[in-house]
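Participant: Residue 3 is where the sequence shown starts when you use this note's numbering, and the numbers rise one by one after that.
In this text, a Cβ means the ideal position worked out from N, Cα and C, and glycines have one as well.
Please read all numbers here as calculations on a predicted model, not as lab measurements.
Before we start, here is the structure in question, set down as structure tokens.
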Amino acid sequence: MILGHVAVITPFILRTTIASLSQLDLAQLDTSASLGAGPFYTFRRVTLPVIRPGILAGAFLAFMASVDNVSVSLFLANPETDVLPIRMWSMLESTLDVRTAAVSGVLIATTALFVFVMDRVAGLTRRLT
Numbered sequence: 003m004i005l006g007h008v009a010v011i012t013p014f015i016l017r018t019t020i021a022s023l024s025q026l027d028l029a030q031l032d033t034s035a036s037l038g039a040g041p042f043y044t045f046r047r048v049t050l051p052v053i054r055p056g057i058l059a060g061a062f063l064a065f066m067a068s069v070d071n072v073s074v075s076l077f078l079a080n081p082e083t084d085v086l087p088i089r090m091w092s093m094l095e096s097t098l099d100v101r102t103a104a105v106s107g108v109l110i111a112t113t114a115l116f117v118f119v120m121d122r123v124a125g126l127t128r129r130l131t
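Structure (structure tokens):
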């Protein structure tokens, strides 16, 4: 099941990270190398701060897509597997229970909180202005 979810979420991470890498100025890497910095130091101090918002956004999108992906969980689950989307699906099929609505509300509130935190960390509002 983990491999199935990884196959589904990989494009989210790659797309946002590649978009962040397109903003990287190669002159900064050359400047860092000419000043005597090694490749690891250059990556850690120059490249990573530029691509960090893309990595964080990709991780956020991947997590949300994985939690919400009922179809992958249903097709790859075995009888011993009990993950949240399958549990919610079975609760909706068998009875209309208020626990499903409560879990859905918690997921919506958690998503809103994650969006707020990601806006503070990645600074999407600052980048658009």
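1. Where do the N-terminal and C-terminal ends of the alpha helix (DSSP H) with A21 fall, by residue?
2. Mind checking P55: buried by the 16 CB within 10 Å criterion, or exposed?
3. Given S75, which residues of its chain have a CB within under 6 Å of its CB, disregarding the five upstream and five downstream residues?
4. What is the rounded straight-line gap between the Cα of A59 and the Cα of A9?
5. So, helix, strand or coil for A39, using DSSP?
6. Confirm, please, whether the CB-CB distance from F118 to F141 is below 7 Å.
7. Can you name, in chain order, every residue of its own chain whose Cβ lies under 8 Å from the Cβ of L31, other than the five neighbours on each side?
8. Between T19 and chain D, is the shortest Cβ-Cβ distance under 7 Å, so that the two count as touching?
9. From V52 to V69, what distance separates their C-alpha atoms?
10. What do you get for T167, buried or exposed, if any count of 16 or more other CB atoms within 10 angstroms of its CB means buried?
11. If you reduce the DSSP assignment to three classes, tell me which class L26 lands in.
12. Would you tell me roughly how many angstroms separate the C-alpha atoms of A111 and M66, rounded to the nearest one?
13. Have a look at A29, L23, D27 and flag the residue whose alpha-carbon is nearest the alpha-carbon of I57.
14. Straight-line CA distance for S34 to A103?
Facilitator: Based on what the coordinates show:
1. Here the alpha helix (DSSP H) through A21 covers 4-23.
2. buried
3. Same-chain partners within the cutoff: V85, P87, I88.
4. Counting only the Cα atoms, A9 lies some 18 Å from A59.
5. Coil at A39, not helix or strand.
6. There is simply no residue 141 to check, as the chain begins at 3 and stops at 131 in what is shown.
7. Only T44, V48, T49 meet the Cβ criterion.
8. The structure shown contains no chain D, having only a single protein chain.
9. Spanning the two alpha carbons is a distance of roughly 28 Å.
10. The displayed coordinates of the chain run from 3 to 131. Any statement about residue 167 would go beyond what the structure contains.
11. If DSSP states are grouped into helix, strand and coil, L26 belongs with coil.
12. The alpha-carbon atoms of A111 and M66 are separated by roughly 12 Å.
13. Ranking A29, L23, D27 by Cα distance to I57 puts L23 first.
14. Spanning the two alpha carbons is a distance of roughly 53 Å.
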